[in-house]
Every structure is written in C-alpha cells, then in structure tokens.
Ligand SMILES: NC(=O)c1ccc[n+]([C@@H]2O[C@H](COP(=O)([O-])OP(=O)(O)OC[C@H]3O[C@@H](n4cnc5c(N)ncnc54)[C@H](O)[C@@H]3O)[C@@H](O)[C@H]2O)c1
Ligand SMILES: [Zn+2]
C-alpha cells in the first residue's frame with residue numbers, strides 16, 4: 119500500500135507578521151508514523167519531546183520515542199492523563215515547566231501522540247513555549263485523524279468555556295496511521311465516523327456513496343478502508359483550511375455542520391455522557407430536519423444520512439438522557455460563541471455534498487425541530 123501524502127500550503131500572512139508561507143505535510147496510511155519520524159530527523163531537530171495521552175504512552179508513543187532515538191535524537195516522553203480535563207491551564211503550565219527543565223531550546227521539536235485533547239494541548243504548549251517550537255502530530259483517534267490534527271487550531275479550556283485560550287499553530291507534519299487506531303475503543307471509533315459522514319454531506323457526495331457501500335469493511339477497521347476514508351477527509355479539510363486558515367471567509371464555518379445543536383446537546387448532557395461524535399450525529403439529524411422543513415433539502419437525502427449514521431451505530435436523537443430540555447437547548451444555542459449578534463447560525467445541507475450558511479431561521483421552527491428530536495419522533 120502506498121502512502122498518501124497531502125501538502126497543505128498556508129499563504130504568508132503579513133498582518134500577523136508571518137515572514138513566509140507555512141507548509142504542513144500529512145501522511146496517511148500504513149507506515150505514516152515512520153515517514154513522519156524520518157521527517158523529524160531530516161528537519162534538523164536534535165531533541166524530540168513526545169507529549170502523549172496516557173492511553174497510548176506505552177504503545178504508539180513508546181514506538182515514536184524509540185524511533186526518534188534510533189534516528190539519533192535525544193528524547194523525552196511526557197504522559198498526559200486521558201480526558202478532556204487535561205486540556206487545562208494547569209496541565210499547560212506543567213508541560214511548560216517540564217520543557218523548561220530539560221531545557222528545551224529551538225532545536226527541540228514537540229511530537230503530540232493522542233487524540234484531539236493531547237493534540238490541542240501539546241499544540242498550544244508548542245505554540246507558546248519560547249514563542250513557538252515546531253510541532254508534529256501523531257493522531258491516535260479517528261476524530262483526530264480526520265479533523266483535529268489538521269488545520270492548526272490549538273488550545274485549552276477555561277471554566278467559562280471550551281477552547282477559550284489558544285493559537286493557530288500549524289504542525290510541520292501529521293501522520294495518520296491506521297495502526298495507531300488499533301487499541302481505540304469501538305465507541306470512540308464510531309464517534310469519529312460521525313465526522314466522516316459530516317464531510318460526505320457537506321463536501322463530497324462520492325465519499326458519502328463510498329461510505330454507504332463500505333460500512334462492513336469500515337466497521338471491521340480494514341486498514342485499506344481506513345486509509346481511504348481518512349485520506350479523503352484529510353484532503354477535504356486541507357482544502358477548506360488552506361482557503362480559510364483563520365476562519366475569516368466563512369468557508370471554514372461549514373465544518374461546523376451538525377455542531378450547533380450538537381454542542382448544545384453535548385454540553386447539557388454533562389461531561390462524559392455523550393461522545394462528541396454522538397452529539398454531532400444528533401446535531402446533523404436536527405440540521406437535516408431544519409433543511410427539510412425550510413424546503414432546502416430533498417427528503418431522500420435526509421433519509422440516507424440518518425440511515426448511514428444508524429448503520430455506524432450512532433444515535434440520531436438524545437432519547438432518555440437526563441438534563442435535556444427544549445428551553446435549555448434553545449438557550450445554549452443563543453450563547454454559542456459562533457452566534458452573530460444573537461442570531462444563531464446554522465449550516466444546512468441542500469444536497470449531498472452541498473451546504474449553505476443560514477442565520478435567519480425562524481426561532482419557532484428551531485424550537486419545534488428540537489422538541490421533535492428530544493421526543494424521539
Ligand atoms: N483542533 C481542532 O480543530 C479540533 C477539532 C475537533 C475536535 N477538537 C478537540 O478534540 C478533542 C476531542 O478529541 P478526541 O475525540 O480525539 O478525544 P480524546 O483525545 O479525549 O480521545 C478520546 C479517548 O480515547 C483515548 N485514546 C486515544 N487514542 C487511543 C488509542 N489509540 N487507543 C486507546 N485509547 C485511545 C483517550 O485516552 C480518550 O480517553 C476535544 O477537546 C475537541 O475540542 C479539536
Ligand atoms: Zn467535531
């Protein structure tokens with residue numbers, strides 16, 4: 119199997135004082151991690167600091183560390199406790215102090231090994247330590263391979279909200295290796311598939327049809343199937359972030375399909391109750407219903423989306439989950455940081471592979487669709 123490579127080129131950005139264009143290389147497929155390690159060695163790094171999720175510290179991260187040693191680098195491995203609570207200021211301080219203690223200098227590169235939590239945290243620490251160390255990403259969840267490791271958004275959470283402190287910091291390289299997903303729990307894997315379905319609906323009808331035809335090999339985690347779908351999603355995300363790195367034009371906003379109502383449900387359900395992708399599956403179901411009710415989307419497309427999500431074992435509605443109410447969700451929507459002047463912005467599909475941005479939906483209709491979703495009808 120050959121390795122899929124996508125080079126993402128970000129324009130230089132005079133306004134931010136960036137002197138030159140930035141390039142990020144993404145390798146997808148069996149052997150991607152070893153290709154990334156060659157890249158680290160070839161880049162002139164002398165020390166590699168592996169910041170790893172505790173769940174993969176002894177497996178993928180240990181392999182990354184020994185691969186760096188074998189290539190002549192000095193190494194260190196710092197494990198981060200699994201879970202969203204690690205995306206905190208306290209954990210960032212601990213990592214900055216650890217880097218200072220080495221001491222890390224500009225020939226030190228950070229290699230993040232884990233899901234979106236470690237990718238966002240280690241990326242942020244790399245972006246800020248001595249005003250920026252090069253960072254490489256080795257995503258070990260499907261969510262991270264198709265989404266969070268690409269595009270350079272890094273950050274941590276505050277009590278006041280998620281991702282409130284952060285920076286855009288592009289990784290030098292990203293390795294999406296199916297082998298890195300070997301120990302990923304099934305529920306986490308399925309959760310990642312919700313983001314994959316999202317890409318199909320918003321940008322790529324061919325991908326959507328391929329998913330419909332490949333459910334069995336995808337759920338069996340056949341490396342060729344994973345490589346195909348991750349490669350496709352990486353290309354799609356790359357194209358979007360290349361055109362709109364800093365979320366200025368609105369293009370990058372389409373990646374939030376299913377996330378408006380999805381985030382509200384995820385937060386109100388409470389920490390750890392729903393996985394992100396599960397909430398996004400519900401959010402996409404609600405968005406498709408809004409599109410249907412406003413005459414934007416043929417019923418057949420809404421039906422195919424629901425059927426595909428269900429075949430991936432994803433929930434379409436938050437049935438039987440305590441703490442959710444129509445009022446609560448509507449209120450959370452208006453507090454969403456992406457709402458503009460109190461108007462909630464929705465990304466609504468108009469066809470397979472096509473979406474529009476809508477911010478003038480009737481609030482009564484939104485309420486109705488949320489109520490239907492909660493009642494499971
Ligand atoms: N930067 C971005 O553009 C972006 C985009 C989407 C999401 N995110 C962020 O990503 C985070 C969610 O990412 P996630 O879904 O990857 O969650 P995660 O990083 O918490 O990983 C999910 C769980 O899987 C475990 N795990 C990871 N890899 C494993 C493996 N190979 N084997 C066994 N267990 C493994 C982790 O310990 C954790 O318990 C959120 O904080 C979200 O805000 C960021
Ligand atoms: Zn998401």
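Residue numbers (our numbering): 119 to 495.
Yeah, the Cβ is synthetic: ideal placement off N, Cα and C, and Gly gets one too.
Residue i beta carbon near ligand 2 (any heavy atom closer than 7 angstroms)
{"i": "residue 265", "result": "yes"}
{"i": "residue 394", "result": "yes"}
{"i": "residue 398", "result": "yes"}
{"i": "residue 122", "result": "no"}
{"i": "residue 313", "result": "yes"}
Through-space distance from residue j to residue i, alpha-carbon basis
{"i": "residue 173", "j": "residue 412", "result": "45 angstroms"}
{"i": "residue 381", "j": "residue 454", "result": "9 angstroms"}
{"i": "residue 435", "j": "residue 183", "result": "42 angstroms"}
{"i": "residue 189", "j": "residue 287", "result": "25 angstroms"}
{"i": "residue 484", "j": "residue 448", "result": "8 angstroms"}
{"i": "residue 492", "j": "residue 442", "result": "8 angstroms"}
{"i": "residue 439", "j": "residue 387", "result": "7 angstroms"}
{"i": "residue 378", "j": "residue 463", "result": "8 angstroms"}
{"i": "residue 269", "j": "residue 143", "result": "11 angstroms"}
{"i": "residue 128", "j": "residue 178", "result": "29 angstroms"}
{"i": "residue 322", "j": "residue 370", "result": "15 angstroms"}
{"i": "residue 138", "j": "residue 290", "result": "14 angstroms"}
Segment limits, beta strand (DSSP E) that includes residue i
{"i": "residue 355", "result": "Careful: residue 355 lies outside any beta strand (DSSP E), inside the alpha helix (DSSP H) at 341-361."}
{"i": "residue 295", "result": "Where residue 295 is concerned, there is no enclosing beta strand (DSSP E), given that its DSSP letter is neither H nor E."}
{"i": "residue 148", "result": "First-last for residue 148: undefined, no H or E at that position."}
{"i": "residue 326", "result": "Element bounds for residue 326: not the beta strand (DSSP E) but the alpha helix (DSSP H), 323-331."}
{"i": "residue 300", "result": "Per DSSP, residue 300 belongs to no beta strand (DSSP E) and is neither H nor E."}
{"i": "residue 388", "result": "Residue 388 -> no beta strand (DSSP E), and no H or E assigned at all."}
{"i": "residue 126", "result": "122-128"}
heavy atom of ligand 1 below 7 angstroms from residue i C-beta
{"i": "residue 303", "result": "yes"}
{"i": "residue 262", "result": "yes"}
{"i": "residue 238", "result": "yes"}
{"i": "residue 380", "result": "no"}
Limits of the alpha helix (DSSP H) - the one that residue i falls within
{"i": "residue 214", "result": "207-219"}
{"i": "residue 474", "result": "From DSSP, residue 474 is part of no alpha helix (DSSP H) but of the beta strand (DSSP E) over 472-476."}
Proximal residues to residue i (C-beta, below 6 angstroms), its chain only, five neighbours per side dropped
{"i": "residue 217", "result": "247"}
{"i": "residue 260", "result": "307 and 310"}
{"i": "residue 320", "result": "372, 375 and 473"}
{"i": "residue 199", "result": "172"}
Same chain only: Cβ atoms within 8 angstroms of residue i, ignoring 5 sequence neighbours per side
{"i": "residue 353", "result": "124"}
{"i": "residue 243", "result": "169, 210, 213, 214, 217 and 228"}
{"i": "residue 180", "result": "195"}
Beta-carbon contacts of residue i that lie in its chain and below 7 angstroms, excluding the five residues immediately before and after
{"i": "residue 349", "result": "122 and 146"}
To test your reading of the DSSP string, which unbroken beta strand (DSSP E) runs of 3 or more residues are found completely within the stretch 241-278? You should have 253-257 and 271-276.
Mind listing, in chain order, the continuous beta strand (DSSP E) runs of no fewer than 3 residues lying wholly within the stretch 160-207? The stretch 160-207 contains these whole beta strand (DSSP E) runs: 165-171 and 192-198.
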